[in-house]
Structure formats: C-alpha cells, structure tokens
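To start, the structure under review is shown below, and the notes come after it.
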Amino acid sequence: MKSFFIPILVLSICASVQAQTVNLQELEAHFLVNNSQLIASKYAIDRADALIVQEKLWQNPTLSVSEVNLWKTYRVEEQPYLFGTYGKNQQISVELEQVIETAGKRKKRVALKRLEKQSAVLEYEELMRELKKELRLSYHRLNRIKQEEVQLLNSLSLFSQLNEKYEKQAKAQNIATADFYRVQTELVDLQKEQVILENEKWEALNSLRILTHLPNLQLNEIAFSTNQIQKHSLPLDVLNDVGLQNIGVKRQANEIKIAESQLLLEKAERAPNLTLQMNYDRGGNIMRDFIGFGVSVDLPIFNNNKGNIKASDAMVKQQQSTLFSMEHSVKQTVVNLHEQLNRLSTTLNNWPSKDTEGQLQILENYKKHLQNKQITLLEFIDFTQAYRQANQAFFQLQETYNTTLEELQYTVGKDL
Numbered sequence: 001m002k003s004f005f006i007p008i009l010v011l012s013i014c015a016s017v018q019a020q021t022v023n024l025q026e027l028e029a030h031f032l033v034n035n036s037q038l039i040a041s042k043y044a045i046d047r048a049d050a051l052i053v054q055e056k057l058w059q060n061p062t063l064s065v066s067e068v069n070l071w072k073t074y075r076v077e078e079q080p081y082l083f084g085t086y087g088k089n090q091q092i093s094v095e096l097e098q099v100i101e102t103a104g105k106r107k108k109r110v111a112l113k114r115l116e117k118q119s120a121v122l123e124y125e126e127l128m129r130e131l132k133k134e135l136r137l138s139y140h141r142l143n144r145i146k147q148e149e150v151q152l153l154n155s156l157s158l159f160s161q162l163n164e165k166y167e168k169q170a171k172a173q174n175i176a177t178a179d180f181y182r183v184q185t186e187l188v189d190l191q192k193e194q195v196i197l198e199n200e201k202w203e204a205l206n207s208l209r210i211l212t213h214l215p216n217l218q219l220n221e222i223a224f225s226t227n228q229i230q231k232h233s234l235p236l237d238v239l240n241d242v243g244l245q246n247i248g249v250k251r252q253a254n255e256i257k258i259a260e261s262q263l264l265l266e267k268a269e270r271a272p273n274l275t276l277q278m279n280y281d282r283g284g285n286i287m288r289d290f291i292g293f294g295v296s297v298d299l300p301i302f303n304n305n306k307g308n309i310k311a312s313d314a315m316v317k318q319q320q321s322t323l324f325s326m327e328h329s330v331k332q333t334v335v336n337l338h339e340q341l342n343r344l345s346t347t348l349n350n351w352p353s354k355d356t357e358g359q360l361q362i363l364e365n366y367k368k369h370l371q372n373k374q375i376t377l378l379e380f381i382d383f384t385q386a387y388r389q390a391n392q393a394f395f396q397l398q399e400t401y402n403t404t405l406e407e408l409q410y411t412v413g414k415d416l
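Sequential numbering of the sequence shown, starting at 1, is according to the numbering used here.
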C-alpha cells in the first residue's frame, strides 16, 4: 500500500513557483484610475462647480414694451415720426427693470453652493475609501482562500489515492468494507468543501475584477503580502483628531456649515430687494418724450421670513447634536477595534505551531504509521481532520486580523 502516497509538498512547491505579477498597491492603482463609480462621482464635483458659477450671476433685467396702438388714431396730437414715415399717430411706453438683491443674498448663496461642492468632494472621498476598503478585504479574503486551497488540494490528492487503493483492497476482501466507506466519506466531504471554497474564491475574485476593471485577473497573478502580524499602537492624537480624519465626521461637520449658511441666507431674506426702474413714455403724458426713473420695494409687514429662520436655526442645532453623537460613537469604535486588533495579534503570535514544514513532517510520519499499521485508519483520519481544522482556524484568524485592521484604518481615516 506504499505506492498510493505522493509527497505532500508537491502541490505546495507548484503553487510557490507560479508567477506573481500584481500586488496590493498595483491593484489599488488600477482601482483609482479605472473604477467607474469613482469616475461617475467626479462628475458631481464638476456639476457643483458649474452651479457656483451660475449662482454668481446677477438676475437678468426685465424689458417691458406697452401702450402701443397698432392702428391709426385720430384726434390726437401729432408726434414726430419714429422711423421713416411711421409713428406720427403712435404711442409707446418702454420700461426697463433690474432687481438689486440686498443684505448680501447673492454672496450668501454662492457661499452655500461652495459648501455643497465640498459635500460632493467628501462624498467622492467617502466612496473612494469604502471601495478601497472593499478591495483590500477581497484581497485578504483571497489570501486566506489560497492558503486553504493549497492545503485542501493536498488532502484531496491524498484521499483520492487512498480511496482508489482501499476500493481495490475491499473488493479483494483484504480489508473491511467499512474502512473503504470511511475513506470514501472523507473524500466526499473534502470534495464538498472544495466546491464551497471555489465559490467563495470566484466571488472574491469577481469583486476585485469589478473594482479594478481587470476582467481577466486570476488568483495566481496576485502577489500576497507576507508581513508579520504585529501590534499597532494608536498615535496619541488620533482620538482628538478623529474629526479631522474620519470621513463621516468630516461630512457631518460640513453639514453644520451648510445649515449655518442657510440660516444666514434666511436672515438676509428679511431685507426686501430693490427693483430699479427706468421708463420711457411717448405721447402718453403732457410731455411728448418722457424719461423717468423709479424704485420699488416689498414692505415686510406680513411676512418677514420668521418661519424659515426658525426652521433653519433648528436644523443647525439638529446637525450639531448629530455631530456630537457621531464623534462619540467613532471614538468608541476606534478604541474597540484597537483592542480587538491587539487581542488578535497576541493570539496569532502565540499560536502553538506555525512551523509549516514541521507540521507536514508530522503528517508524513502519520502516513508511514498508517502504512506500517502502527495506527488505525480512524486515528489517521482524525489526525488529518484536526490538522486541517487547526490550519483553517489560523488562516481565518489571519483574515480576521487584516479585516479588523482595515476597519480600524477606515474609521481612523488614514493608514496606520
């Protein structure tokens, strides 16, 4: 039965010689240049710029032409011709009006539009950070999947050959049929696990392809980091400066500025605008050609915008309260994630055995013991299951560590 075993290191060696061409930094570079969601979000900033330009413009003047008689009227004072031989019996009135906004309303609206542009910039930054976090999580997920895949393929190869040999031995009645069924059951479980892992791999790989716009990206083309697990110390000023870095807090602070700017605009609306007028009247008064000037203004007797001012003031207070709550929540989240990260770091660094070569040697020894009938088949299967589960637990803890680190960096607002 010695011939059914192959060296457990073969697949590991094959995996290590695969060409690795794209690292995390290169994936992020592709993402920043090609991601369509980011490109679409940039247009919102351009739109906000255009609205600022529009808001700077004055209102157009109004030209009114009235009191024109289109027919000849008798028993009137004759007027000089307007042009040619026309206009001797015609009357006309022309009025030009221009609205002049008072209390700096136009400047306040421009300031409001600038804050709205800043909101668009922050939305873009938030989208970029969220998608970058998603990209990194998919990257770390694929790293864990690749390690599990190498281990699983080793086990599949081992039990496939073991199943073939035991089937022949069972048919020859050299071993109990129950032993063959045990090997077959273990092989089926491994094949089921392979299907689940394949689905998980393609899901994570598809996420990377979409984010980076690299439709042909393959797992063996990705270079995974081999950085050691380490404890991360939070800078002393992180909690104090969380409002300067956390994108959610920055957006909320900008919302307060928008609400305050809107309040200033509503207060300015209490002051009525002026309408300057210039009028020309031909033949409609005691003067043959009359030119006059005037001004009109609304009298704020019934409506002085109190309701809108009160509503805007309430909005400012609401946004300030939201910011206070958000800052407190973010600080607690940072502390919690930092503690989780250090616990994971301690656990991983104290892991009982991270010597892959030593573990493989132990597995090799167990195979020899099975060949020499020094252990039973059940003991061998139990050991291989425990070996695989222990490694899976380690790989998953590594992924959890990296996931927690990315969440912490996203919440803090910068890489640690």
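Every residue gets a Cβ at the ideal spot worked out from N, C-alpha and C, and that includes glycine.
Worksheet item: For Thr177, which of helix, strand or coil comes out of DSSP?
Response: Thr177 carries a helical assignment under DSSP once its states are collapsed to helix, strand and coil.
Practice prompt. Assuming Arg209 and Leu217 form a contact by the criterion Cβ under 8 Å, report the distance between their Cβ atoms to the nearest whole angstrom.
Written response: Confirmed, Cβ separation roughly 5 Å.
Worksheet item: Thr275 lies in the beta strand (DSSP E); which residues open and close that run?
Response: Here the beta strand (DSSP E) through Thr275 covers 274–282.
Worksheet item: When you compare only the Cα positions, how much space is there between Val297 and Ala120?
Response: Distance between the alpha carbons of Val297 and Ala120: 37 Å.
Fill in: Where Ser225 falls: helix, strand or coil (DSSP)
DSSP places Ser225 in coil when its eight states are reduced to three.
Item to complete: May I have a chain-ordered list of the beta strand (DSSP E) segments no shorter than 3 residues that lie completely inside the stretch 90–129?
Response: As far as the stretch 90–129 is concerned, its whole beta strand (DSSP E) runs of at least 3 residues are 92–100.
Fill in: Straight-line Cα distance separating Ala170 from Val188
Distance between the alpha carbons of Val188 and Ala170: 18 Å.
Practice prompt. Return helix, strand or coil for Tyr86, following the three-state DSSP convention.
Written response: In the structure shown, Tyr86 sits in a strand (DSSP, three-state: E or B).
Practice prompt. Identify every residue that forms a DSSP beta bridge with Val249.
Written response: In the DSSP assignment, Val249 is bridged to no other residue.
Worksheet item: My guess is that Ala204 and Ser138 are in contact by the Cβ rule of under 8 Å, so how many angstroms apart are they, rounded?
Response: Separation of the CB atoms of Ala204 and Ser138 is rounded to 5 Å, and the pair is thereby assigned contact status at 8 Å.
Practice prompt. Report the option in Ser321, Glu379, Leu153 whose CA atom is closest to the CA atom of Val195.
Written response: Per the Cα distances, Leu153.
Fill in: Nearest-angstrom beta carbon gap, Leu344 and Leu397 [assumed within contact, 8 Å]
In this structure Leu397 is in contact with Leu344, their Cβ atoms being roughly 6 Å apart against a cut-off of 8 Å.
Worksheet item: The alpha helix (DSSP H) spanning Ile309 covers which residue range?
Response: For Ile309, the enclosing alpha helix (DSSP H) begins and ends at 306–349.
Fill in: Close Cβ partners of Gln80 (< 7 Å) along its chain, the five nearest in sequence each way excluded
The amino acid at residue 80 is misidentified as Gln; the sequence shows Pro. If we look at Pro80 and ignore the five residues flanking it on each side, it has no Cβ neighbours.
Item to complete: My understanding is that Ile222 touches Lys117, with C-beta atoms under 8 Å, so please give their C-beta distance in whole angstroms.
Response: Here Ile222 is actually not in contact with Lys117; their C-beta atoms are around 38 Å apart, not less than 8 Å.
Worksheet item: From what residue to what residue does the beta strand (DSSP E) around Asp289 run?
Response: If you look at Asp289, you'll find it in the beta strand (DSSP E) that goes 289–297.
Fill in: Beta-carbon contacts of Asn143 that lie in its chain and below 6 Å, excluding the five residues immediately before and after
Cβ within range, chain order: Phe224.
Worksheet entry | Neighbourhood of Ala15 by C-beta distance below 7 Å, restricted to the same chain and skipping five residues each side | Residue placement at Ala15 is poorly supported in this model, since its pLDDT is 40, which falls under 50; the coordinates still yield a value, given next. Once the five neighbours on either side are set aside, the close Cβ partners of Ala15 are Val150.
Item to complete: Using a threshold of 8 Å, state whether the C-beta atoms of Thr411 and Val334 are closer than that.
Response: Their beta carbons are under 8 Å apart, which means Thr411 touches Val334 by this criterion.
Item to complete: Flag this pair as yes or no: are the beta carbons of Asn89 and Lys113 separated by less than 8 Å?
Response: No, the pair does not count as a contact, with Cβ atoms beyond the cut-off.
Worksheet item: Which word fits Gly294, buried or exposed, when buried means at least 16 other C-beta atoms lie within 10 angstroms of its C-beta?
Response: Looking at its Cβ environment, which holds fewer than 16 other Cβ atoms inside 10 Å, Gly294 is exposed.
Worksheet item: Skipping 5 residues on each side, what residues in its chain have a beta carbon closer than 7 Å to that of Lys257?
Response: Taking C-beta separations shorter than 7 Å and ignoring five residues to either side along the sequence, the partners of Lys257 in its chain run Leu115, following chain order.
Worksheet item: Which word fits Ile145, buried or exposed, when buried means at least 16 other C-beta atoms lie within 10 angstroms of its C-beta?
Response: So Ile145 counts as buried.
Worksheet entry | Sub-8 Å separation of Ile100 and Leu265 beta-carbons | Going by C-beta atoms, Ile100 is not nearer than 8 Å to Leu265.
Worksheet item: Quick one, are the C-beta atoms of Gln252 and Leu299 less than 8 Å apart?
Response: No, the pair does not count as a contact, with Cβ atoms beyond the cut-off.
Fill in: Span separating the alpha-carbon of Gly284 from that of Glu67
Taking the straight line from one Cα to the other gives about 8 Å.
Worksheet item: Considering Leu63, what are the terminal residues of the beta strand (DSSP E) in which it resides?
Response: Per DSSP, the continuous beta strand (DSSP E) segment holding Leu63 begins and ends at 62–66.
Worksheet item: Touch check for the stretch 122–131 and the stretch 315–329: three-plus C-beta pairs under 8 Å?
Response: The stretch 122–131 vs the stretch 315–329: no contact.
Worksheet item: How many angstroms separate the CA atom of Gln385 from the CA atom of Val22?
Response: Counting only the Cα atoms, Val22 lies some 34 Å from Gln385.
Discussion item. Which of the three DSSP states is assigned to Val412 in this structure?
Written reply: Three-state DSSP puts Val412 in a helix.
Worksheet item: From Asn254 to Asn303, what distance separates their C-alpha atoms?
Response: If you draw a straight line from the Cα of Asn254 to the Cα of Asn303, it is about 30 Å long.
Practice prompt. Classify Val76 as helix, strand or coil using the three-state DSSP reduction.
Written response: Of the three classes helix, strand and coil, the one that applies to Val76 here is coil, per DSSP.
Worksheet item: If Gln191 and Phe395 are in contact, beta carbons under 8 Å, what's the gap, nearest whole angstrom?
Response: About 20 Å separates the beta carbons of Gln191 and Phe395, which is beyond the 8 Å limit, so they are not a contact pair.
Worksheet item: First and last residue of the alpha helix (DSSP H) that includes Asp46?
Response: 36–55 is the span of the alpha helix (DSSP H), which, as asked, contains Asp46.
Worksheet item: From Asn163 to Asn174, what does the alpha carbon distance come to, in whole angstroms?
Response: About 14 Å.
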